[in-house]
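In full-length UniProt numbering, the protein residues as written are 1 to 187.
As structure tokens, then:
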């Protein structure tokens with residue numbers, strides 16, 4: 001196994017373990033075993049656990065942007081439909097068997113208070129989503145306030161669905177988003 005293969009195996013194992021068990025609960029020995037690499041190779045590729053968490057979050061960010069962007073593009077050119085597609089994407093995600101909430105919110109809750117690097121990565125991910133929503137809202141001629149409101153609905157739905165175990169939070173958020181969007185279009 002070369003370093004690239006080991007790198008992928010470590011990140012895949014870390015992502016799964018962190019998402020299921022939490023960032024703090026997973027030690028390097030457990031990660032090494034799950035990835036099928038030696039401890040020496042693990043530390044050679046990732047000198048610290050923070051390095052692994054940062055790499056996992058970078059991977060999750062890319063996955064989020066690709067998945068969400070793909071769903072929005074599939075909605076076609078209608079700007080309102082693209083906004084609603086954000087909430088359809090959430091609903092599909094919440095209905096997956098392994099849904100455990102937002103990896104970024106989870107990381108911030110566990111590590112954000114003690115690790116400023118992780119806190120900044122999480123903040124940047126959330127700012128990126130806000131910018132994306134602002135772009136979509138601009139497509140209907142909406143305001144930054146509307147973009148913020150829709151972002152908060154999406155973020156709240158993620159937390160609510162994770163805590164309650166009920167994917168209905170996405171549908172509830174979508175319904176509220178439609179009310180806000182339609183009100184903005186009328187004004």
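Built from N, CA and C at the ideal position, the CB exists for glycine as well.
Query                                                                                                                                   : Result
Whether residue 35 touches residue 58 by CB criterion (8 Å)                                                                             : no
Straight-line gap, residue 32 to residue 113 (C-alpha atoms, nearest Å)                                                                 : 26 Å
Rounded separation between residue 104 and residue 118 - CA only                                                                        : 9 Å
4-residue-minimum alpha helix (DSSP H) runs that sit fully inside the UniProt domain "HTH tetR-type" (4 to 64), ordered along the chain : 28 to 35, 39 to 45
Classification of residue 175 by the beta-carbon crowding that lies within 10 angstroms, buried from 16 upward                          : exposed
Chain-order list of residues whose beta-carbon lies under 6 Å from that of residue 169 (same chain, five-residue window excluded)       : 157, 160, 161
Simplified DSSP assignment, three categories, for residue 75                                                                            : coil
Residues near residue 122 by beta carbon distance below 8 Å, same chain, minus five either side                                         : 57, 104, 105, 107, 108, 112
Limits of the unbroken alpha helix (DSSP H) element including residue 166                                                               : It is not in any alpha helix (DSSP H) - residue 166 carries neither H nor E in the DSSP assignment.
Meets three-Cβ-pair contact criterion under 8 Å: the region 10 to 25 and the region 84 to 104                                           : yes
Extent of the continuous alpha helix (DSSP H) run through residue 106                                                                   : 103 to 107
Simplified DSSP state of residue 81, which is helix, strand or coil                                                                     : helix
Where residue 60 falls, given that 16 or more other Cβ within 10 Å makes a residue buried                                               : buried
Classification of residue 163 by the beta-carbon crowding that lies within 10 angstroms, buried from 16 upward                          : exposed
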